[in-house]
Amino acid sequence: MKFTKDHEWVEVTGDTALVGITAYAANALGDVVFVEIPEVGKSLTKGDSFAVVESVKAASDVYAPVSGEVVAANDDLPNSPDTVNAAPESAGWIAKVKLSNPAELDELMDRDAYEAYLDTL
Amino acid sequence: MRYLPLSEADRASMLDTIGVKSVDDLFVDVPQSARRSGTVDLPTFAGELEVEAQLNAFAAQNLSPAKAPFFVGAGAYRHHIPATVDHIIQRSEFLTSYTPYQPEIAQGTLQVLFEFQTQVARLTGMPVANASLYDGSTAAGEGVLMAQRITKRNKAVLSGGLHPHYRETIETLAHAVGIETEACPMVVDGEAEVLSHIDAGTACVVVQTPNVFGTATDLTKIAEAAQAAGALLIVVVTEVMSLGLLKSPGEMGADIVAVEGQSIGVPLSFGGPYVGLFAAKEKYLRNMPGRLCGETVDADGERGFVLTLSTREQHIRRDKATSNICTNSGLCALAFSIHMSLLGQEGLKRVAKINYAKAHALKDQLVAAGIEVVTPRFFNEFTVKLPKPAAEVVEALAAKGILGGVPVSRLDADPALANHLIIAATETVTDADMSALVAGLKEVL
Amino acid sequence: MADTPKMNTVGRPSAPDFDIEHTSFKTLLGGRGLLQSEKLIFEWDDYHRTGVDFADVAIDTSDLGDLVRGDTLNLPGLTEPEAVRHYVRLSQKNHAIDLALYPLGSCTMKHNPRLNEKMARVSGLGDIHPLQPVSTVQGALALMDSLAHWLKTLTGMPAVALTPKAGANGELCGLLAIKAAHEAKGQGQRRTVLVPSSAHGTNPATAAFVGYTVREIGQTNDGRVDLEDLKAKIAATGDQLAAIMLTNPNTCGLFERDIVTIAELIHAAGGYFYCDGANFNAIVGRVRPGDLGVDAMHINLHKTFSTPHGGGGPGAGPVVLSEALAAFAPRPWVVSSGQGFTLEEHGEDASKANFGRMCAFHGQMGMYIRALTYMLSHGSDGLKQVAEDAVLNANYIKVALGDVMSVPFPDGPCMHEALFDDSWLEGTGVTTLDFAKAMIDEGFHPMTMYFPLVVHGAMLIEPTETESKAELDRFVAVLRALAEAALDGDVSRFKGAPYLAPAKRLDETRAARQPKLTHS
């Protein structure tokens, strides 16, 4: 699993990747009450806002950690947004992306680097 | 000064506590160039007796509708408001409280808003309603912006029956955000004309019933056709009392409904403050503008209410908010809700029927007097076509102490409509008032 | 026959039994003595009553055909006694400025004079129709003209657009005037607005609304606009600069010392200066925004000029405009001539280039009446005193609490509100929210919390000028005692608060996850 400074994670399997927000982000937002998932087929450039995660008092865009096409979105989230709090880095995934530029993965942090980054916040 | 409790001794002692010599020391950050000695050039302090006299002098130069046969409508209507309404809204706890940000000590306001939202939803026949917007015209504008957010299309088609002030308000708001508008020419009976303007880029069509000429229209087919073309139907209602008799926008298939609620509970007050009712289909909930009140429980498990889904709003989303609106029209929403509770469905239906009866009786008298009525189907308002400019006729009637209606020329410059006069008759109109209008018109025409 | 006792032995206890242990218990109906529980109007059984006496008339609706409403409406009716009780019971669950201090920073919860209410209801003002012939509403137009004169004189600005319906609507009006002015000069590419990080959320929301891009400017350690950052952002924005949106006094309760320089920098770069007038109460009658280089400023009549907040509106947000923007003001406007007043509703005056219409009719007349009543009452001298007392009261609070609560910008005076942060609560386990909720148990409304965003755990206290020294002392004593309780580790007093309000803390997560917005 790889991470961004905006607290997204990426888990690559073959040429696709699951994307979500980290446990740190889910905890910082508070109880997640709504997730706006992207449309399947949407093409993303790294850094694009592609989803929204909302708690009662905060809303955050989620930015694409990698470029590619959305091939699936987590349809469970709109009805059970609490999944993002309960299992942010597994069942709380937001989108599945077919990578268009796998080289971008090299720019992301591994878990150790991400945790070291969190310590600086 | 009666509103300022600090005495000179208090001020001196407080300055001492703060550790400064004079109040000027608290304004040291004001740039030298903007500091002033003395007061601005305006009258000084005045007692209650004196101020009351000054305000009464303004009032005395106006002709109160209570003192004249009154037939003015076109978006604002004179109705009877039960005395209870004004008594309740002047209670300190409603009048002098803020937006209910601390729900533990604002359950009064919040329960009222929840009841208000339910009343608006049922009245309009829609599943969800917000806690009100500024007025009907800005609500209509917000509806257009919402349609753009939902459809991601960029054109709004405005019907020729839409109140021209609403049309202009919508145009101003829509153009501000880059939405294109296409307004159909003003027409007494032609709401369906909007359909011929729909294209692949049309976000919504905005139609009004009863329209500015008073014409009531069944919008069911327009809703179906618009939706089939991927556009939303926004229904505008400027006379909310009509919903006691006419089919609701929800029943006709509206996607978004914007209503001026003034007729229920809110005095005319020369145009404001009023209350915008805003309702929509449930699937569009998260795209709605304005405050929403929702039911929940407190720490003891007791039912309670809170402002909710506020992540749509400016104080959280800032530049990504659904609208820049902060306030609703709280106290007017309360007035609406009290009046609506007093009416109930039975009272509302009765008042609506009386309005219908009065307006139709007046129409019959005018037709008998040889005046051409152009509105085919109406609730409490209709339009006549006079043999000379309506603005002149209205002034001549005013000189006789009769407030005879609204010339279309007051709202729109279209010369083809210069002789059209919009006449409203509500439950406040008496038989003597009607006779006075008919007689007055015979004299001035 | 037995003797009738002569002694009168009929009596009742007239003092409490001091030995009884007073325990809390749930009442049978859920209320608490005078605080009545109250069901929803939709939970009344009989929907067929009405509290309004109108006879049922028979009508022939054949011309309406299918248009006649067929559903039952499903709206309950209450008789007058039931309705009065319903709303009185609900009212008692609200805090109000008439009850106690309501120190919401940036909201200016001052006393609402009742004379204002009386005058707004006078026949001839409260009951006139916006589309009556102008010959029959000369007094109303004169009143609007008079209000405009007061607003222009108090701000030192040449023009005012009265119609905006509230502060945010005023901001929109101001930005649309700015946009129109740029476009008239062929400078429509100017679409970037500079906004300080401490700004109220409506500023960026409104800027985005009109299609402008928002660029944040930084803040100095003393809570003001960072001039160097501003200069850099102006340079970087170049000919895209449309305006700056700045609140003054700012949202930290501080006067922007460099405001004249800021205005000059913006003007030199071809931009306009939009001032958010939310905090005008601090300077009314003492400082004129026109002397600071402002081009447009909305005035919240419901803040500075005492019109009631009404549980969230209606407000009113007239916008004063500089010479450069005056021609772009929205229609309608009042025109004064020798023969009286007219209303320009169609914008046919060729010398004006109005950008459109903010709303149907002529704005919030009911609020104009109240605000003018207030202005006439205070007069120029009274309004100056308003600003001075508001600033005095805030500085008194700041000093009286400054040794127990932490002040992020301690140097120099504040204006009409005192800002604290939560660094003094660090390690206590009590948050800003908890502290605020404990104030509720003491009978005070909490201050504004977590705003401005630039200060951690912000607590913004605006007492206003209508609080007496005795009331401020009472408030200070309570806050000091609460602060000490927090520092002493009495966490439960805060975590469970409020204990004594009409409701306990509410589950906002549930409200948002499963929205229930209407009764079913």
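Residue numbers (the working numbering), protein chains in the order written: chain A, 1 to 121; chain B, 1 to 445; chain C, 1 to 520. From the three backbone atoms N, C-alpha and C, an ideal C-beta is built for every residue, glycine too.
Thinking C-beta only, is Val32 (chain A) closer than 8 Å to Ala51 (chain A)? No, they are not a contact pair.
Identify, in the order they occur along the chain, each residue of the same chain with its Cβ nearer than 8 Å to the Cβ of Gln208 (chain B), setting aside the five sequence neighbours on each side. Correct list, in chain order: Ser159, Gly161, Leu162, His163, Tyr166, Glu191, Val235, Val236, Val237, Thr238.
With 8 Å as the threshold, decide whether the Cβ of Thr206 (chain C) is near any Cβ in chain B. Taking 8 Å as the CB threshold, Thr206 (chain C) lines the interface with chain B.
Of the listed residues C:Pro13, C:Thr4, C:Lys26, C:Thr9, nearest to Gly301 (chain B) (C-alpha basis): Closest option to Gly301 (chain B), Cα to Cα, is C:Lys26.
List the residues that DSSP assigns as beta-bridge partners of Asp276 (chain C). Residue pairing by DSSP puts Asp276 (chain C) in a beta bridge opposite C:Thr247, C:His298.
What are the boundary residues of the alpha helix (DSSP H) that Phe451 (chain C) is part of? For Phe451 (chain C), there is no enclosing alpha helix (DSSP H), as DSSP gives it neither H nor E.
Return the residue from the list C:Thr153, C:Asp98, C:Thr213 that minimises the CA-CA distance to Asp41 (chain B). Just measuring C-alpha positions, the residue of C:Thr153, C:Asp98, C:Thr213 sitting nearest Asp41 (chain B) is C:Thr153.
Run of the alpha helix (DSSP H) containing Pro81 (chain C), from where it starts to where it stops: Per DSSP, Pro81 (chain C) is one residue of the alpha helix (DSSP H) stretching across 80-91.
At a Cβ cut of 7 Å, what residues of the stretch 207-228 of chain B count as close to chain C, listed as they run along the chain? Correct list: Ala216, Asp218.
List the residues that DSSP assigns as beta-bridge partners of Gln219 (chain C). Answer by DSSP bridge pairing, in chain order: C:Val225.
Environment of Val429 (chain B) [buried if 16+ CB atoms lie within 10 Å]: Counting Cβ neighbours within 10 Å, Val429 (chain B) comes out buried, since at least 16 surround it.
DSSP state of Asp112 (chain A) mapped onto helix, strand, coil: Residue state, collapsed to three classes: helix.
Here's a check: name, in chain order, each residue in its chain whose Cβ is nearer than 7 Å to the Cβ of Met1 (chain B), leaving out the five neighbours to either side. Excluding residues within five positions, the ones whose Cβ falls inside 7 Å are Phe45.
Within the stretch 283-353 of chain B, note down every full beta strand (DSSP E) run reaching 3 residues or more, in order along the chain. Taking only runs of at least 3 residues, the beta strand (DSSP E) segments lying wholly in the stretch 283-353 of chain B are 293-297, 303-307.
Reduced DSSP category for Pro158 (chain C) - H, G, I as helix; E, B as strand; rest coil: Coil, per DSSP.
Drop a sphere of 10 angstroms on the beta-carbon of Phe114 (chain B), count the other beta-carbons inside from all chains shown, and report buried for 16 or more, exposed for fewer. When all chains shown are included, Phe114 (chain B) counts as buried.
Beta-carbon separation (whole angstroms), Ser377 (chain C) vs Pro113 (chain C), contact threshold 8 Å: Correct: roughly 7 Å between the Cβ atoms.
Check the DSSP bridge columns for Trp521 (chain C) and list the partner residues they point to. As shown, chain C starts at 1 and ends at 520. That puts residue 521 (chain C) outside it, with no answer to give.
For Met1 (chain A), I'd like the list of residues in its chain whose CB is within less than 6 Å of its CB, leaving aside the five on either flank, ordered along the chain. Excluding sequence neighbours, Met1 (chain A) sits near Trp9, Glu11.
Please list, in chain order, all residues of the same chain as Trp37 (chain C) whose beta carbon is under 6 Å from its beta carbon, the five residues on each side excluded. The amino acid at residue 37 (chain C) is misidentified as Trp; the sequence shows Ser. Counting only Cβ-Cβ distances below 6 Å, and skipping sequence neighbours, we find Leu29, Gly30, Gly31.
Suppose only complete runs of 4+ residues qualify. What are the alpha helix (DSSP H) ranges in the stretch 38-80 of chain A, listed by chain order? Inside the stretch 38-80 of chain A, DSSP marks no whole alpha helix (DSSP H) run of 4 or more residues.
Would you mind sorting Met340 (chain B) into buried or exposed? The rule is 16 or more other CB atoms within 10 Å of its CB. Per the 10 Å Cβ criterion, buried.
Whole alpha helix (DSSP H) runs in the stretch 36-63 of chain B with 4 or more residues, listed along the chain? The DSSP assignment places 48-60 as complete runs of the alpha helix (DSSP H) inside the stretch 36-63 of chain B, in order along the chain (cut-off: 4 residues).
Close-in-space but distant-in-sequence residues of the same chain around Gln365 (chain B) (CB under 7 Å, 5 per side omitted): These residues qualify, in order along the chain: Met434, Val438.
Chain-ordered chain A contacts of Thr426 (chain B) [CB-CB under 8 Å]: From the beta-carbon of Thr426 (chain B), no residue of chain A is found nearer than 8 Å; the closest lies around 44 Å away.
Does the beta-carbon of Met297 (chain C) have 16 or more other beta-carbons within 10 angstroms, so that it is buried, or is it exposed? It is buried - the Cβ of Met297 (chain C) has at least 16 other Cβ atoms within 10 Å.
CB contact check: Glu69 (chain A) to chain B, cutoff 8 Å: With its beta carbon at least 8 Å from every one in chain B, Glu69 (chain A) lies outside the interface.
Measure the alpha-carbon distance for Ala368 (chain B) versus Leu362 (chain B) and round it to whole angstroms. When only Cα atoms are considered, Ala368 (chain B) and Leu362 (chain B) end up about 10 Å apart.
Using only alpha-carbon positions, find the residue among C:Ala83, C:Gly443, C:Gly11, C:Pro130 that is nearest to Lys39 (chain C). When C:Ala83, C:Gly443, C:Gly11, C:Pro130 are compared, the shortest CA-CA separation from Lys39 (chain C) is found for C:Ala83.
Which residues, taken in chain order from the stretch 294-312 of chain B, show a beta carbon closer than 7 Å to some beta carbon of chain A? Contact annotation: in the stretch 294-312 of chain B, residues whose CB is within less than 7 Å of a CB in chain A are Thr311.
Sort C:Leu292, C:Leu175, C:Glu465 by Cα distance to Met157 (chain C) and report the nearest one. Looking at the Cα atoms, C:Leu292 is the closest of the given residues.
Quick one: list the residues of chain C neighbouring Pro88 (chain A), beta-carbon separation under 8 Å, in chain order. Neighbours of Pro88 (chain A) on chain C: none; closest Cβ ~16 Å, over 8 Å.
Using a Cβ-Cβ cut-off of 7 Å (strictly less than) and excluding sequence neighbours within five positions of His182 (chain C), which residues of its own chain qualify? Counting only Cβ-Cβ distances below 7 Å, and skipping sequence neighbours, we find Gly188, Arg190, Ala242.
By the 10 Å Cβ neighbour count, where 16 or more other Cβ atoms means buried, how is Thr118 (chain B) classified, buried or exposed? By the Cβ-count criterion, Thr118 (chain B) is buried, with 16 or more other Cβ atoms from all chains shown falling within 10 Å of its own Cβ.
Hey, does Lys165 (chain C) have any beta-carbon neighbour from chain B nearer than 8 Å? Yes - at least one Cβ of chain B is within 8 Å of the one on Lys165 (chain C).
Do Ala95 (chain A) and Ile37 (chain A) have their C-beta atoms closer together than 8 Å? With contacts defined by Cβ atoms closer than 8 Å, Ala95 (chain A) and Ile37 (chain A) form a contacting pair.
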